[in-house]
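Asker:
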Amino acid sequence: MKKKFLVFLAFSLILSQALFANGQNEKQTADEDLYEILWYNIGTPQKDTEKVFEELSKYTAEKIGATVKMVQFDWGEYSDRMKVITASGEPYDIAFTCSWANNYDVNVERGAFLPLDDLLKTHGQGTLDVINPSFFKGITINNSVYAIPANKELGWWEVWLFNEEYVNKYNFDISEVKSIQDLAPMLEIVKAGESADFTPIMGDSQFGIDTPEYAYVIGPGTPFVVDFDNTDYKVKNIYETPEMMDNLITIHDYYTKGYMRKDIATLNNTEELRKSKKWFVTKSHWQPYAENLIGKSWDTPLVYSSSYIPYADNSSTQGSMQAISVTSGNPEKSMAFLNLMNTDPYVRNLVGFGIEGTHWEKKGENVIATLEDSKAYQVPGFTLQNLLITHLFEDDPADKWEKFQEFNDSCRPSPVLGFQFDRTSVKTELAVLANIFEEFKPFMQTGTVDPEEYVAKYLKRVDEAGGAKVQAEIQNQLNAWLATQK
Amino acid sequence: MINKIKRNMLKRQIPLLIMILPGALWLLIYNYIPMLGVVIGFKDFKYSRKGFFHALFSSEWVGFDNFKFLFHTRDAFLVTKNTLLYNLSFIILGTIIAVVFAIALSRLRNQRLAKLYQTGIFLPYFMSWVVVSYFLNVFLNPEYGYLNNILISMGSDPINWYTEAEYWPGFLIFMGIWKNTGYSAVIYLATIAGIDKGYYEAAMLDGASEWQQIKHITIPSIVPLIIVLTLLSIGRIFNADFGLFYQLPKNSGPLYPVTNVLDTYIYRALKYTGDIGMSAAAGLYQAVVGCMLILISNRLVTRIDSEKALF
Amino acid sequence: MKSSKISILNRKKKAMDLPLGYNVTINIIIALFCLSCVIPFLFIIIISFTDEMFIIENGYTFFPKVLSLNAYRYISEAGSQLFQSYGITIFTTVAGTMLSLIVIGFYSYAISRKEFKFRKFFTFMCFFTMLFNGGMVPTYIVMTQLLHLKDTIWALILPLMVNAWFILILKTYFTMTVPDSLIDSARIDGAGEFRTFFQIVIPISLPGFATIALFNTLNYWNDWFQSLLYITDPSLTTLQYLLMKIENNMEFMINNASNLGGGESYLLLQNIPRSTTKMAMVVLCTGPIILAYPFFQRFFIKGLTVGAIKG
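Protein chains in written order, with the numbering used here: chain A, 1 to 486; chain B, 487 to 797; chain C, 798 to 1108.
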């Protein structure tokens, strides 16, 4: 019986090979007929997507000899779906990628995206002109660029966000609030003055303490940093720094004083707290005029104060990009389309808002208002490349995009902007470290546990898992990269 | 003469072969052809524009590198230990409880009530762990959970249930069994229903008590099924119900020492990198261990009673 | 004849019953367990009818002071998608279960026949697939590139049609409940394998088939993974997939809100459904399937052999 079975197994393996070895039929190769660009993007699929892209295709057929089809996958499943599509070698042209979905680094490492340097010069010259060069610096891997970043806010800008109602009630001056320690006096007053079901600090399990003195060196799930300002480029573990310990002690103090919910470390979202409006302060990433957007959506008047000077690092530049697949049948036309998205306002606004007259109408030179049908086509604008050529809404200030430019120019770059780490030699240790990080981070960073005790535990576990080896490897690669930057 | 015998045999074999054909074809297409993918675990998988197959063949062979993270540090052994212990508890306790329930239900006087109970205990199977975790949170929440409210009203201190690890092995074993008892009991119930009632009548006439009836009629009839199900469970002894160990404890760090099992460990390890080679390696590891254990157990069973073995 | 049958029925009941004391105790224990299974479900239903603002202020509770139909109203506004998914789910469940029963039934019967020459081979073929699996990607390639079934209803039915676990359970059931003497007497009467299967084996093993049918029904109804892999056309999505999408989206937003810039995160957060809506979805998606169990319960009865053998 065993022999029979082994023969059978061999037979099925040969069958597999015969069936698959014929290779994949690539997408229709470039020919004189119209080429259809297949574009995968993130977001909840909309009813009118087909209609909008039919309209778009009329235009692009003329301009670049191609039609466009966009398929959206919902937020929670985009990465999974793209993983399967990419791994199975299914052909497509353009896909959304970033540091937190359809991970850019991993895909480049695995050879899923085309290097775009030449294509940009031949078919994407307009794009190079409009996008802030720091973006490209952050996404360069092995001296090539593998995607086009969206021209939006360049860096991380973190602010303390206040519920204006309570700021006014107690006459607080929040203009100078920077560090977490600065919040202490206000928190005390608010806690004393409000009822027991009031939560001064609004946060959930992802609430984290920042230490602007340091810049993260490699991706999420790791604690390795270098000094931001003094450029000695020595890799450290952020939990070993005095600044981090200070912050952790402060936030633990706040926890014991009852400034946040007891179950904050296992809390999934702050939706209910937001809706109840019984909160005073929280942390958030910001962009120019965000208080208009967010304040409206939360139905709460907001004021803010910057935690630190905005900075740009790899993850902020990798916040939203579009890449061209190695399985694309016509990379030139794909690049030409992306170029249109970056330089042609007609295309960008059509894709971003829908068809004029159906989904929106013009109210002024560059101002629009949405119509009833806009509900059938709402796509995430930040994924669609150049934001700066999109129309404004009536309640947006006229200088919104100028402010964005200013903001981008004022971001200071992280000392390790552009450094890409090759994980291969330490991927085992990193896998273990990821587990440890998940175990400790929410509890340490929300102040739920005593930092002195827990940080010591954490560092010991990191050490046991080979943290020193990873740190040394990072230092080596960093030094090598620095040498090439001179 | 010999030809006639051969023809008769063929006559019997052919219909059986026809019967087996659709299923066998399905297994070939859906399981054996894709089995090639097992190789992914040994490769540093890089994509290729010529498609999956080309990518698989041209990727570098890295031997057991992708498996290392499953053995590195005491963390890995801790999760392996957890997985084994929990699964053993589920197999032993779960089987006993399911069998006891099945027998008890089949013998209740009011069979209408028994049918109602059957439907009731089946309900947990329909609830996803996420939904169950909301429910558990109502009890265990440190801020406003019922349990803490009761503790406070009795004068004791409230406990932060989601950070105290000692209670969780108990919780998890209870919840795991709670969810699956109805499902498992059904299988046994169906078998018990198939037992010829004549045996019971004969036994009763012979003066046997209820326990003797159960011991000598009911149980022997379901022993083959128990063995099959246990063997199958042993084959999955390195696999855990992900939702139970991840959603229910709300992914709470301090509980990891007792809630982290192989599947959650693998998930967390690969969350950021999505390394397809490592995840294939992990799956293979779980499968191989399960396979070895089943073969050993099956060999043991064959020694005792070869009819009852799986094959 | 008839009267003795009735008296057998009466005596049957007595033979299986428990003594009164045990009956009561066991009733209580089972009832308590049953309650623990039903209560969470009731809880979900209650939440789905609770007013959202009440929950925000008071958290989840069994006794909400303010009720509302808003969650259901909100869902019905999304309207046609839900109907569509209901239709798809019901169709795939019914068609899938029927197909599965036939294919699995044939396969299990064939490997339960001792005189089947390839019995061991096909049993092992089935069993082996439970241990080793090529993984998600190779299976995806088979479905999309070999069979070209992406975005078709077959993508929802075929992958779940054959389950090795069910095959082995059904085979065990056959060997346990169908006496060889019966098969032999059928053969002597000149019946072929197909006739034997349909006219003798099926009626006797109704409980076994009912069990597998029930499990298949649950499998199909609860599946969302096939939709995730193969379906982009919204008119082909299943109920559970809709539910899962909501959960996955939420989990994603939780984990990534901090990764997005100021403008983006609010976009995501806008899409989080209220907790009452989620619960209402759970009720709508799992409610109907609960009826499956009572439906199949009536097949868990003794088959009709007694006369045949005695005669």
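Ideal Cβ placement from N, Cα and C applies to all residues, glycine included. Since this is a predicted model, take the numbers as computed values, not measurements.
In three-state DSSP terms, what is Gln72(A)?
Answerer: Strand, per DSSP.
Asker: If you drop the 5 nearest sequence neighbours on each side, which residues of the same chain put their C-beta closer than 8 Å to that of Cys1082(C)?
Answerer: Correct list, in chain order: Leu1036, Gln1037, Leu1039, Leu1040.
Asker: Taking Cβ-Cβ distances shorter than 9 Å, what residues in chain C pair up with Val624(B)?
Answerer: Those within 9 Å of Val624(B) in chain C are Phe840, Gly856, Tyr857, Thr858, Phe859.
Asker: Is the region 73-90 of chain A touching the region 933-945 of chain C, taking contact as three or more C-beta pairs under 8 Å?
Answerer: Touching, yes.
Asker: Against Asp74(A), what residues of chain C qualify as contacts under a CB-to-CB distance less than 8 Å, listed in chain order?
Answerer: Within 8 Å Cβ-Cβ: Lys1042, Asn1045, Asn1046.
Asker: Since Leu717(B) contacts Ser783(B) with CB under 8 Å, what's their CB separation in whole angstroms?
Answerer: Contact flag correct, Cβ pair sits at about 6 Å.
Asker: Comparing alpha-carbon positions, which option in Asn435(A), Gly354(A), Leu392(A), Val281(A) lies nearest Pro825(B)?
Answerer: As shown, chain B starts at 487 and ends at 797. That puts residue 825(B) outside it, with no answer to give.
Asker: Less than 9 Å separating the beta-carbons of Gln125(A) and Ala376(A)?
Answerer: Going by C-beta atoms, Gln125(A) is not nearer than 9 Å to Ala376(A).
Asker: Identify whether Gln322(A) lies in helix, strand or coil by the three-state DSSP scheme.
Answerer: Gln322(A): strand per DSSP, three-state reduction.
Asker: Report the neighbours of Met505(B) on chain C: residues whose CB is nearer than 9 Å to its CB, in chain order.
Answerer: In chain order: Gly902, Phe903, Tyr904, Tyr906, Ala907, Glu990, Phe991, Phe994.
Asker: If we ignore side chains and look at the alpha-carbon of each, how far apart do Glu55(A) and Glu62(A) end up?
Answerer: Cα-Cα distance, rounded: 12 Å.
Asker: Mind pulling the chain C residues with CB within less than 8 Å of Asp232(A)?
Answerer: Ordered by position in chain C, no residue passes the 8 Å Cβ test against Asp232(A), which lies about 28 Å from the chain.
Asker: With 7 Å as the limit, tell me which residues of the region 263-294 of chain A have their beta carbon closer than that to any beta carbon of chain C; keep them in chain order.
Answerer: Listed by position, the residues of the region 263-294 of chain A near chain C (Cβ gap below 7 Å) are Asn268, Asn269, Glu271, Glu272, Lys275, Ser276, Ser284, His285, Trp286, Gln287, Ala290, Leu293, Ile294.
Asker: For His945(C), does the three-state DSSP call read helix, strand or coil?
Answerer: Here His945(C) sits in coil by DSSP.
Asker: Check whether the region 233-243 of chain A touches the region 203-223 of chain A, taking contact to mean three or more Cβ pairs, one atom from each stretch, closer than 8 Å.
Answerer: The region 233-243 of chain A is in contact with the region 203-223 of chain A.
Asker: Give the DSSP-derived three-state secondary structure of Gly856(C) in the structure shown.
Answerer: Gly856(C): coil per DSSP, three-state reduction.
Asker: Nearest chain A C-beta to Val1079(C) closer than 9 Å, yes or no?
Answerer: Cβ-Cβ to chain A under 9 Å: no for Val1079(C).
Asker: Can you confirm whether the region 909-925 of chain C touches the region 960-969 of chain C when touching is taken to mean that 3 or more C-beta pairs between the two stretches lie within less than 8 Å?
Answerer: Yes, the region 960-969 of chain C is in contact with the region 909-925 of chain C.
Asker: List, in chain order, every chain A residue whose beta-carbon is nearer than 9 Å to that of Ala600(B).
Answerer: Going along chain A, no residue has its Cβ under 9 Å from Ala600(B), so there is no contact; the nearest lies around 40 Å.
Asker: Assuming Thr446(A) and Ala265(A) are in contact, meaning their beta carbons sit under 8 Å apart, how far apart are those beta carbons, in whole angstroms?
Answerer: About 5 Å; that satisfies the 8 Å criterion.
Asker: Looking at the C-beta of Pro956(C), does it have a partner C-beta in chain A at a distance below 9 Å?
Answerer: Output row for Pro956(C): interface = no.
Asker: Could you check the C-alpha separation between Ala773(B) and Leu928(C) for me, to the nearest Å?
Answerer: Approximately 5 Å, taken between the alpha carbons.
Asker: Tell me whether Pro397(A) is buried or exposed, calling it buried when 16 or more other Cβ atoms sit within 10 Å of its Cβ.
Answerer: By the neighbour-count rule (16 or more Cβ atoms within 10 Å), Pro397(A) is not buried but exposed.
Asker: Since Glu912(C) meets chain B, which of its residues come closer than 8 Å, beta carbon to beta carbon?
Answerer: Simply Arg498.
Asker: Between Ala431(A) and Tyr104(A), is the Cβ-Cβ spacing less than 9 Å?
Answerer: Not in contact: Ala431(A) and Tyr104(A) (Cβ atoms no closer than 9 Å).
Asker: Taking Asn386(A) as the reference, which of Asn102(A), Ala10(A), Asn132(A) has the closest Cα?
Answerer: The shortest C-alpha separation from Asn386(A) is found at Asn132(A).
Asker: When the distance is taken between beta carbons, is Tyr871(C) closer than 9 Å to Gly1077(C)?
Answerer: Note on residue identity: the sequence assigns Ala, not Gly, to residue 1077(C). In contact: Ala1077(C) and Tyr871(C) (Cβ atoms closer than 9 Å).
Asker: At the level of alpha carbons, what is the spacing between Gly680(B) and Phe840(C)?
Answerer: In a straight line, the C-alpha of Gly680(B) is about 36 Å away from that of Phe840(C).
Asker: Residues of chain B with CB under 9 Å from Tyr883(C), in chain order?
Answerer: Under the 9 Å cutoff, chain B gives no residues; its nearest Cβ is about 16 Å from Tyr883(C).
Asker: Starting from Lys567(B) and walking both ways along the beta strand (DSSP E), at which residues does that stretch end?
Answerer: Unbroken run through Lys567(B) is the alpha helix (DSSP H), 559-593; no beta strand (DSSP E).
Asker: Just to make sure I have the definition right: I need the residues of chain A whose C-beta is within less than 9 Å of the C-beta of Phe531(B). Which are they?
Answerer: The contacting residues are Ala87, Arg110.
Asker: Taking the Cβ atom as the reference point for each residue, do Pro310(A) and Arg423(A) lie within a distance shorter than 9 Å?
Answerer: No.
Asker: So which residues of chain A does Leu1026(C) contact, with C-beta pairs closer than 7 Å?
Answerer: Going along chain A in sequence order, the residues near Leu1026(C) (Cβ under 7 Å) are Val84.
Asker: Let me confirm a value: Asn25(A) is counted as buried when at least 16 other C-beta atoms fall within 10 Å, else exposed. Which label applies?
Answerer: Any answer about Asn25(A) is weak, because its pLDDT of 49 lies below 50 and its placement is not dependable; what the coordinates show is given next. With fewer than 16 other Cβ atoms within 10 Å, it is exposed.
Asker: Going along chain A in order, which residues have a C-beta closer than 9 Å to the C-beta of Ile519(B)?
Answerer: Here the neighbours are Ser12, Leu13, Leu15, Ser16, Leu19, Phe20.
Asker: Nearest by alpha-carbon distance to Leu388(A): which of Ile180(A), Gly155(A), Pro345(A) is it?
Answerer: Measuring from the Cα of Leu388(A), the nearest candidate turns out to be Pro345(A).
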